[in-house]
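Trainee: In the numbering used here, the protein residues as written are 4 to 307.
Just so it is clear, CB atoms sit at the ideal spot from N, CA and C, and this is done for glycine as well.
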Amino acid sequence: MAVAAGRMDGVRALVVGAGSIGLRHRAVLETLGLEVSVVSRRSGVGDFADEASAIEGHDPDYVVVATEAHDHRSAVERLASAGFRGRVLVEKPVSHRSEAFPVDGFEWVGVGYNLRFHPAVVALRAELAGDAVLSIQARVGQHLSQWRPDRDYRDAVTAGPSGGALFELSHELDLISWLAGPTVVERGWAMRTGRLDVQLDDLAVCVVRLADGGLASVELNLLDRWPTRHMVVTGDRSTHVLDLVEGTVHRNGELVYSGPVDRDQSFAAMHRAALSDGAGVCSLDEAISVVGQVAELRSGGTDG
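#1: Taking just the CA atoms, how far does D158 sit from G49?
#2: Tell me, to the nearest whole angstrom, how far the beta carbon of D204 is from that of A168; I am working on the premise that it is less than 8 Å.
#3: Going straight from the alpha carbon of S138 to that of V244, what length do you get?
#4: Are the C-beta atoms of V297 and some chain D residue less than 7 Å apart?
#5: So what's E102 in DSSP terms, helix, strand or just coil?
#6: Please list, in chain order, all residues of the same chain as S98 whose beta carbon is under 7 Å from its beta carbon, the five residues on each side excluded.
#7: Let me check understanding here. Comparing Cα to Cα, which of E102, E175 and E110 lies closest to R90?
#8: So, using beta-carbon positions, are V14 and D53 closer together than 7 Å?
#9: Name the DSSP bridge partner or partners of A16?
#10: With DSSP as the reference, identify every bridge partner of H233, one or two as the case may be.
#11: Taking H146 and R228 to be in contact with their CB atoms under 8 Å, please state how far apart those CB atoms are, rounded to whole angstroms.
#12: Could you tell me if S46 is buried or exposed, where buried requires 16 or more neighbouring beta carbons within 10 angstroms of its beta carbon?
#13: Name the two residues that bound the continuous beta strand (DSSP E) containing R301.
#14: Would you check if the distance between the CB atom of H28 and the CB atom of A69 is smaller than 7 Å?
#15: Assuming W192 contacts V211 (C-beta within less than 8 Å), just tell me the rounded distance between them.
#16: Count the C-beta pairs between the segment 176–193 and the segment 273–280 that are closer than 8 Å, then say yes if the count reaches three, no if not.
#17: Just to confirm my understanding: we take H174, look at its own chain, exclude 5 residues before and 5 after, and list those with CB closer than 7 Å. What are they?
#18: Going by DSSP, name the residue or residues bridged to A277.
#19: Pop quiz: V143 and T251 are said to be a contact at Cβ under 8 Å. What is the actual Cβ separation, rounded to whole angstroms?
Set out below in structure tokens:
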């Protein structure tokens, strides 16, 4: 089903899951003009209590799976059992473990690494076209208590058995592959520092080998008191600095992109792509590769 640019009035979408990310998807899709319903197990929260009744009652063209990571595979299976055959976007991480998904019969399946569609990332990728990437330094951090100040961080998915810094901040692992080609984990460490009441890692550092033979170093943490999200990319021709907090890209010290920092903009662009030809959306295989890298890092150095 191809959808042209502009509003998408008349297209029906279903969001499975009514947590914070599910409600964000609903709001963005409604802004785009879609007719949106929500599945939630919580009484009085969603429009439907399960996928089967939603498929029958809403007849969606497009489904976003935004439940907890450990439920993603089951949610996809429930959609298939209910007879859905349209387009599916699964929130990241695609799963809490590396596993195959039953996707036969769907028109298309992608995974929601929306930062691929951040305009600064789009600008950087265009800048890097044709250049060999030799080195990347990536760092992202924000104290978990700042993520949603209106609620106790210990109640969030990030603090539980399906969360942790590696899963919640895995955008960086995906972005490095998106910008520089497939990567291989060389060394890595993930630990629970004890500074937060979380079940998994709140700090991870790793080194991955790049497709052009170089190396990338990555730090992911839930500890920074001042939010940071930046990347230094060195190629044969230039060194670029991407700052996703400021929404800027510099080439050799010169500002080459600066734009508004609007999180919903990247979600909207991702949904448009998912509803057209899927170009640029993280594939299922790419997302499963990220989950495999997380598993490697945790098995090699997690402080249990």
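Mentor: Reading from the atomic positions:
#1: 20 Å
#2: 5 Å
#3: 12 Å
#4: Of the chains in the structure shown, none is chain D; there is only one protein chain.
#5: coil
#6: A72, H75, R76 and V294
#7: E110
#8: no
#9: V39 and Y65
#10: R142 and D246
#11: 5 Å
#12: exposed
#13: Not the beta strand (DSSP E): R301 falls in the alpha helix (DSSP H), residues L287 to G304.
#14: yes
#15: Contact doesn't hold; Cβ gap of about 13 Å is too wide.
#16: no
#17: Y116 and L118
#18: Note: A277 sits in no beta bridge, so no partner.
#19: Not really, about 16 Å apart at Cβ, beyond 8 Å.
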